[in-house]
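Protein sequences, first through last, are from chains E and A.
With this note's numbering applied, the first sequence corresponds to residues 1 to 348, in that order.
With this note's numbering applied, the second sequence corresponds to residues 349 to 856, in that order.
Written out below as structure tokens is the structure these notes cover.
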Amino acid sequence: MKTALSALEKPSAAPAPEKSDARNLVDAVFRARELSIGGALVLLILGTWLTNHSFLDSQGVKDLLLNSSILVLLAVGQSVVVATRNIDLSVGSVVGLTAFTCGDFVSGTSHGPLTVMLLGIAIGALCGLVSGALVSIGKVPALVVTLGMLYVVQGIDYALADGGQINAVNLPDPVLSLGSGSILGIPYLPLISVAVLAATAYFLRTYRSGRELYAIGSSPEAARLAGIPIRRRVLVAYVFSGAIAGLAGALWLARFGTVVANAASGWELTVVSAVVVGGVAITGGVGSVWGAALGALLLTTISGALIVLKVDPFWEQAITGALLILAITADRLVQVRTTNALRKRSRR
Amino acid sequence: MNDSDAGPAPVLALKDVSKSFGAVRALQDVSLQLFPGEAHALAGENGAGKSTLIKTLAGVHRPDTGQVLLDDSPVTFHGPADARDAGIAVIYQEPTLFPDLSIAENIFMGRQPRRALGRIDRKAVHAATAELMARLGVALDPQRPARGLSIADQQIVEIAKALSFDARVLIMDEPTAALTGSETARLFSVVETLRAEGAAVLFISHRLEEIFQLCQRVTTLRDGRWISSDPIGDLTEDDLVRRMVGRDLGELYPKQQTEIGEAALSVRRLTREGVFRDVSFDVRRGEIVALAGLVGAGRSEVVQAVFGVDRADAGEVHVDGKRLTVGSPTAAMDAGVALVPEDRRQRGLVMEMSIERNIALTGLDQVRRGGLVRRSLEQGRAADWSVKLQLKYNKLSDSVGVLSGGNQQKVVLAKWLATEPSVLIVDEPTRGIDVGTKAEVHRLLSSLAAEGLAVLMVSSDLPEVLGMADRVLVMHEGRLVAELPRTEATEESVMAAATGRNGKERAA
């Protein structure tokens, strides 16, 4: 850097950087997204609470936290993959498989929660490795690979289960207490989710490889020319998403105790919805895991609120779908508008 | 071939490098030596192999045969990162930025200064970027995203990227194509200082005066072959052009005299917010009108709006006196307009489909009997046009993907000419096709005009614009800034208008 730069003369008068409207505009757009989800969340909680105060009593809050923690976790893993302009549809099946295998492994033993979580992470990471290798090295479209993996993993799960189920009574107590215990009144599950969330967010923000994931999603061609090891990064993103799904499976086991083979089936779409609602662009390069977590929290709260409000739970799916469409439409509009605005400003 | 006894050893060199893409031989036995402290120009027509050569130096392509030499020892670049680590900075013709990331991140991606534990030192990144911007003399906020930057500003970011690491070799592929005069001057002063400091520079430009102004040595390529390497002082501009072209320009552009009739296409005050505004012009029968301008000036966008692919916000398009429905390509086709798009792989053809099917796509009504497409009619239509355009193919049922670029372009032309249009719009008709086919396309356009077709041609190829057009319309930043008759259109006058230098002189 020295020789090249020192060659350049100091300019006589450095122009003041336009303390830019452009940056403020973009900041505002992103803050607007997180604020609006946060606002919707607050309104929803407030409205439901006004109708039925039990929604926010200590049990209600605990339920809300417990119910959302697994979805938040999955949303974090999914965001990392989506940021690279890919998708992982196999997460629901992976949760089911790990929950069942972990349960099978510890049933009637005295293994602790740590073993369960590590086992879950290992199984999940293996699934992620397969999808990731096919997507990054095999260059097969992510949608196809992970859709295939969804069925493959589900099939293995069903074959292993062979019609049976894991029963809570057979599980060691320490494992179950992972799902029900708490510190200072806060259950373990949300604590784990928040820890993973914060660590991932920090990683994505402050490490080169984290930024490179966004770069890959923003423009694969530019990423290639910038010498970013695209295949390795995408592979790792899938392994991470798989590992997170495996962890979620272990937590699922701890929370519910009783696990059937089709646990969490269909969750992949809820996860993707949460991520997109949370502002992670499905086209990659944009969004934060905090936003994705907020999206997951919003979707869980909606389903909780519907129960409290005694609305037919079938509406939940319709509402989730409508939110998803709204979010993607908003993304598209906002992108077009900001691009135009930015272009006009720089042309000025 | 080089007087290598003069001065130091080359920093970076190519020795007898060949590179083929399928049947296309992009480079054949090309050698090149870049010396420290010297600016080296690479000259040649479009398609001469300049971009392939650059990508070989940049580690994007690996040579089929021959060697890349770094400090006289052979190296193999396994990717762009290897070349970058060797101190080779490349500024591509079309900036390759991450639109969603900030300018600072774009510059330092993968090389961000780090604090303890490998964390990115964001403050240092922004400070270094601000410093680069200050040294380049531009007021760009390091933290704004790259999305929405003008081409010139994107180019600045690319240059800052190259400056941000100790570039021993700076390679620039037409960096000035989208820059204004003052921006170019600023770039040149940066390059001068780098060069004085001992960096080797490889410079590509279609503007000969820039080559003579900036460079000490020039290597010429033609059709993928090395033609010559000379000190710039030994050459005149005419010598250089002769080496690049290798033949008389006159026969390259077979312009036929035509009888110019009444206006077939009239565009009135066409505007698309933020892209182009207030564009009005006519194209008359028998006339070839070129739409010139820099990359990003809005030329392709105008013709897309004329054809109705993009919706115009305001303005009218008339064909043969009848007003076209806005935003409807079907209406445009019915009125006799045909558009041969710029990107034939994405927009012009269905790559996996056969030649005959592609040609049939524009006239499904003609190849249909009783609601079903007749294969024999498809074949007839395709066979007809492939003979007329001298298409080189194996079977008409081969997919167009296997054809060479020039033959693909002929298929696109056939597809549209089969609609028997009265107005033919061609967007970069000869981009990326070999010289022989290029001349055929030119001859074809010329004879079509002679038959009374109105031709509107978007082109970045200045010799093509000057050689083919009866009139040249020039766009600059979304506006039509000049209209030059054939006699007044010169390289200088068109470029001056395209870079906005005569913007104020234009009356009405």
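All residues carry an ideal CB built from backbone N, CA and C; glycine is no exception.
Review point. Taking the alpha carbon of A472/A as the point to measure from, which residue in Q460/A, D430/A, A482/A and S648/A has its own alpha carbon closest?
Key: Taking each of Q460/A, D430/A, A482/A and S648/A in turn and checking the Cα distance to A472/A, the smallest one comes out for Q460/A.
Practice item. Measure the alpha-carbon distance for G164/E versus G108/E and round it to whole angstroms. Key: 15 Å
Review point. Assuming A500/A and L527/A make a contact with CB atoms under 8 Å, what is their CB distance in whole Å?
Key: 5 Å
**Study point:** Nearest-angstrom Cα separation, counted from G496/A out to V505/A
**Key:** For V505/A and G496/A, the distance between alpha carbons rounds to 13 Å.
Practice item. Keeping to the same chain, check which residues put their C-beta closer than 8 Å to that of V239/E; ignore five residues upstream and five downstream. Key: A125, G128, L129 and G132.
Check your understanding: In three-state DSSP terms, what is L247/E?
Key -> L247/E: helix per DSSP, three-state reduction.
Practice item. Enumerate in chain order the residues of its own chain whose CB-to-CB distance from E649/A is below 7 Å, with the five nearest sequence positions on each side excluded. Key: R620, V623, F624 and D658
Practice item. Indicate whether at least one CB of chain A lies closer than 9 Å to the CB of R332/E. Key: no
Exercise for review: Can you grab the Cα-Cα spacing for the pair F536/A / A281/E, in whole Å?
Suggested key: 39 Å
**Study point:** Where the beta strand (DSSP E) containing L828/A begins and where it ends
**Key:** Where L828/A is concerned, the enclosing beta strand (DSSP E) stretches over R827 to P833.
Practice item. Could you work out which residue in Q381/A, A766/A and G414/A is closest to V365/A when comparing CA atoms only? Key: Relative to the Cα of V365/A, the nearest Cα in the group Q381/A, A766/A and G414/A belongs to G414/A.
Practice item. Alpha carbon to alpha carbon, how far is E664/A from L597/A? Give it in angstroms, no decimals. Key: Caution is warranted here: a pLDDT of 49 is assigned to L597/A, below 50, making its placement in the model unreliable, and no coordinate value can be reported.
Point to revise | Rounded straight-line distance, which links the Cα of G427/A to that of L362/A | key: 17 Å
Review point. Between R432/A and chain E, is there a C-beta pair that is closer than 9 Å?
Key: Interface residue, yes.
Point to revise | Whether V864/A touches V631/A by CB criterion (9 Å) | key: Residue 864/A falls outside the range modelled here, since chain A spans only 349 to 856, and no answer is possible.
Practice item. Please name the residue, chosen from A798/A, V539/A, A434/A and H790/A, that lies closest to S807/A on a Cα-to-Cα basis. Key: Taking only the C-alpha atoms, the option nearest S807/A is H790/A.
Exercise for review: Assign K10/E to buried or exposed, taking buried as 16 or more other Cβ atoms, counted over all protein chains shown, within 10 Å of its Cβ.
Suggested key: The pLDDT assigned to K10/E is 38, lower than 50, so where the model puts this residue is not dependable; a value taken from the coordinates is nonetheless given after this. The residue in question, K10/E, is exposed, as its Cβ has fewer than 16 Cβ neighbours within 10 Å.
Point to revise | G181/E, DSSP secondary structure in three states | key: coil
Review point. Around the C-beta of I186/E, are 16 or more other C-beta atoms found within 10 angstroms, so that it is buried, or is it exposed?
Key: exposed
Practice item. Classify I336/E as helix, strand or coil using the three-state DSSP reduction. Key: Checking the sequence shown, residue 336/E turns out to be Val, not Ile. Helix at V336/E.
Check your understanding: Under a three-way DSSP split, which group does H474/A fall into?
Key -> helix
**Study point:** Beta-carbon proximity list for S36/E, same chain, < 8 Å, skipping 5 on both sides
**Key:** none
Review point. In chain order, what residues of the same chain lie with their CB nearer than 8 Å to the CB of V61/E, ignoring the 5 residues before and after it?
Key: none
Practice item. Consult DSSP for R565/A and reduce its assignment to one of helix, strand or coil. Key: In this structure, DSSP gives R565/A an extended state, which the three-state scheme calls strand.
Exercise for review: Scan the stretch 449 to 466 of chain A for residues whose Cβ lies nearer than 7 Å to a Cβ of chain E and list them as they occur along the chain.
Suggested key: Result list: L449, E453, M457, G458, Q460 and G466.
Practice item. Look at the Cβ atom of I402/E, then the Cβ atom of A243/E, and state whether they are nearer than 9 Å. Key: Coverage of chain E is limited to positions 1 through 348, which leaves residue 402/E absent and any answer about it impossible.
Check your understanding: Using CA coordinates, which residue listed in E453/A, L405/A, R692/A and R716/A is at the minimum distance from M876/A?
Key -> The first residue shown for chain A is 349 and the last is 856, placing residue 876/A beyond what the model contains.
Point to revise | Beta-carbon contacts of G304/E that lie in its chain and below 6 Å, excluding the five residues immediately before and after | key: L64
Review point. By Cβ distance, which residues of its chain are closer than 6 Å to E836/A, with the 5 residues on each side in sequence left out?
Key: Excluding residues within five positions, none has a Cβ falling inside 6 Å.
Practice item. For chain E, find out if any of its Cβ atoms is closer than 9 Å to the Cβ of E585/A; answer yes or no. Key: no
Review point. Per DSSP, what kind of secondary structure is H824/A in: helix, strand or coil?
Key: strand
Review point. Which of helix, strand or coil does DSSP assign to M699/A?
Key: coil
Review point. Taking 9 Å as the CB-CB cut-off, is L597/A touching chain E?
Key: In this prediction, L597/A has a pLDDT of 49, which is less than 50 and means its spatial position is unreliable; what the coordinates show is noted afterwards. False, the Cβ-Cβ gap to chain E never drops below 9 Å.
Review point. Shorter than 9 Å from the beta carbon of T338/E to some beta carbon of chain A?
Key: yes
Exercise for review: Return the CA-CA distance between L720/A and R705/A, expressed in angstroms with no decimal places.
Suggested key: 14 Å
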